[in-house]
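Enquirer: Numbering (the working numbering) for the sequence shown: 97 to 166. First the structure, which I've put down as structure tokens, then a few questions once you've had a look.
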Amino acid sequence: MGLQTQNQTYEMILQRIEAISQELQTLRTMVKAAQTQPSSENLAQKLFGVLGQGTWTEYDLTLDWQRFEA
């Protein structure tokens, strides 16, 4: 293995490390964004508390949506 070949190998390793660093930064950004967004379940729970009285067990999805049939 000559000096030039060894330098090329080091350069390839450094390029790969840089690519991995960029991929990790992108992944970090995606994870942070996912943590800050409310889940749909949490949002539904909040809306139900604001718009309705009672509990989830009192709500009958079938009866409520049957009015749209036919």
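Ideal Cβ positions, reconstructed from N, Cα and C, are used throughout, including at glycine. These figures come from a predicted structure and were not determined experimentally.
Taking the alpha helix (DSSP H) that E107 falls in, what are its first and last residues?
Expert: L99 to T132
Enquirer: Please classify T165: does DSSP put it in a helix, a strand, or coil?
Expert: Note on identity: in this sequence residue 165 is Glu, with Thr being the wrong assignment. Three-state result, E165: coil.
Enquirer: Can you list, in chain order, the residues of its chain with a C-beta nearer than 6 Å to that of A129? Leave out the 5 residues immediately preceding and following it.
Expert: none
Enquirer: Could you have a look at D156 and say whether DSSP puts it in helix, strand or coil?
Expert: coil
Enquirer: Whole angstroms is fine: what's the gap from N103's alpha carbon to M126's?
Expert: Cα to Cα, N103 sits roughly 35 Å from M126.
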